[in-house]
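Peer 1:
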Amino acid sequence: AQSVTQLDSQVPVFEEAPVELRCNYSSSVSVYLFWYVQYPNQGLQLLLKYLSGSTLVKGINGFEAEFNKSQTSFHLRKPSVHISDTAEYFCAVTPSGGRRALTFGSGTRLQVQP
Amino acid sequence: DGGITQSPKYLFRKEGQNVTLSCEQNLNHDAMYWYRQDPGQGLRLIYYSQIVNDFQKGDIAEGYSVSREKKESFPLTVTSAQKNPTAFYLCASSIDTRTTRNTEAFFGQGTRLTVV
């Protein structure tokens with residue numbers, strides 16, 4: 007089984023500042039990793055994903071994430087945030103060889119302040 | 406436009422009543438999923454289906470039922486046996502995970518169910 011831990015439930019940050027949202031996972035098999043964003047009362051939108059290859063993954067809206075196998079982490083970063091980045095962010099994992107739905111973390115609320 | 410449609414957006418139910426949430430996709434995806442979202446708990450898997458006429462229980466299936474009679478449709482019924490049904494319900498779909506490693510899931514806009 008897989009599990010995902012998002013270490014921060016809320017992250018307040020000022021506009022144009024950098025931000026890092028932390029994600030750690032646990033799995034006995036190799037995995038694929040994802041970051042999704044959710045705006046209020048909406049569904050989830052994929053930001054980026056890691057399947058294999060380069061450990062630095064770039065996504066939409068200027069976000070990027072780095073896969074670290076030894077630390078079982080997949081932290082999300084953005085060098086300069088905007089007010090419009092205020093949302094809930096979810097890290098998710100699924101086994102790379104299995105037929106299984108995504109397992110999600112509990113989410114991190116990013117609050118960008120002017 | 407291709408996508409996933411959930412209806413209704415808001416739903417109110419009296420205690421003791423069953424209610425069915427609709428999920429339709431026109432992405433030609435084989436796999437479909439239902440998640441429940443509660444504040445501070447992320448998304449928890451209720452049921453998923455990899456192909457038509459087949460589905461599996463997720464982590465919190467008790468009090469829920471599903472059917473998959475058509476590839477495009479995966480309705481979720483919240484039964485009276487579900488003790489705390491008030492939540493935000495999300496439906497998702499993905500291409501066949503048996504034949505490809507791209508397991509990205511696409512989500513609908515959700516249905517907010519409130520028990521009154």
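Residue numbers (the numbering used here), protein chains in the order written: chain A, 7 to 120; chain B, 406 to 521. Backbone N, C-alpha and C define an ideal beta-carbon position, used for all residues, glycine too. Nothing here was measured: the structure is a model prediction, and the numbers come from that model.
When the Cβ atoms of the segment 37-50 of chain A are set against those of the segment 91-100 of chain A, are three or more pairs found closer than 8 Å?
Peer 2: They touch, by the three-pair rule.
Peer 1: For the segment 418-445 of chain B, list every residue whose C-beta sits within 7 Å of some C-beta in chain A, in sequence order.
Peer 2: Answer set for the segment 418-445 of chain B: Tyr438 and Gly445.
Peer 1: Is the CB of Lys510/B under 7 Å away from at least one CB in chain A?
Peer 2: First, the amino acid is wrong: residue 510/B is Ala here, not Lys. Judged by the 7 Å Cβ criterion, Ala510/B is in contact with chain A.
Peer 1: Within its chain, find whatever has a CB closer than 6 Å to the CB of Leu421/B; leave out the 5 residues flanking it on each side and keep chain order.
Peer 2: Note that residue 421/B is Gly in the sequence shown here, rather than Leu. Once the five neighbours on either side are set aside, the close Cβ partners of Gly421/B are Ser485.
Peer 1: Under 7 Å between C-beta atoms, does Tyr524/B make it to chain A?
Peer 2: The structure shown has nothing for residue 524/B, since chain B only spans 406 to 521.
Peer 1: What does a CB cutoff of less than 6 Å around Thr425/B pick up in its chain, not counting 5 residues either side in sequence?
Peer 2: Taken in chain order, the residues that qualify are Pro480 and Thr482.
Peer 1: Could you list the residues in the segment 47-58 of chain A with a C-beta less than 9 Å from some C-beta on chain B, going in chain order?
Peer 2: Those would be Asn47, Gln48, Gly49, Leu50, Gln51, Leu52, Lys55, Leu57 and Ser58, in chain order.
Peer 1: Using only alpha-carbon positions, find the residue among Pro24/A, Ile89/A, His88/A and Lys84/A that is nearest to Trp41/A.
Peer 2: Among Pro24/A, Ile89/A, His88/A and Lys84/A, the Cα nearest to that of Trp41/A belongs to Lys84/A.
Peer 1: Just checking: is the beta-carbon of Gly408/B within a distance shorter than 7 Å of some beta-carbon in chain A?
Peer 2: No, no contact with chain A.
Peer 1: Give the residues of chain B in contact with Ser113/A, contact being defined as C-beta atoms less than 7 Å apart.
Peer 2: Just to set this straight, residue 113/A is Gly in the shown sequence, not Ser. Here the neighbours are Gly447.
Peer 1: Have a look at Asn67/A and Leu53/A and give me their C-alpha separation to the nearest angstrom.
Peer 2: About 8 Å.
Peer 1: List the DSSP bridge partners of Val521/B.
Peer 2: The partner list for Val521/B (beta bridge, DSSP) is empty, contrary to what the question assumes.
Peer 1: Less than 8 Å between C-beta atoms, sequence neighbours within five positions excluded: which residues of the same chain meet that for Glu474/B?
Peer 2: Result list for Glu474/B: Val457 and Asn458, in chain order.
Peer 1: Find the nearest neighbour of Arg441/B within the set Leu416/B, Lys419/B and Leu495/B, judged by alpha-carbon distance.
Peer 2: If we check each option's Cα against that of Arg441/B, Leu495/B comes out closest.
Peer 1: Say whether chain A places a C-beta atom closer than 7 Å to the C-beta of Leu495/B.
Peer 2: Closer than 7 Å to some Cβ of chain A, the Cβ of Leu495/B qualifies, so yes.
Peer 1: Less than 7 Å separating the beta-carbons of Ser33/A and Gln8/A?
Peer 2: Closer than 7 Å, so yes.
Peer 1: On the CB-based measure, 16 or more other CB atoms within 10 Å of its CB, does Gly23/A come out buried or exposed?
Peer 2: Rather than Gly, the amino acid found at residue 23/A in this sequence is Ala. Exposed, since its Cβ has fewer than 16 Cβ neighbours within 10 Å.
Peer 1: Taking the runs of the beta strand (DSSP E) that are 3 residues or longer, which of them lie wholly in the segment 79-115 of chain A?
Peer 2: Correct list: 79-84 and 93-101.
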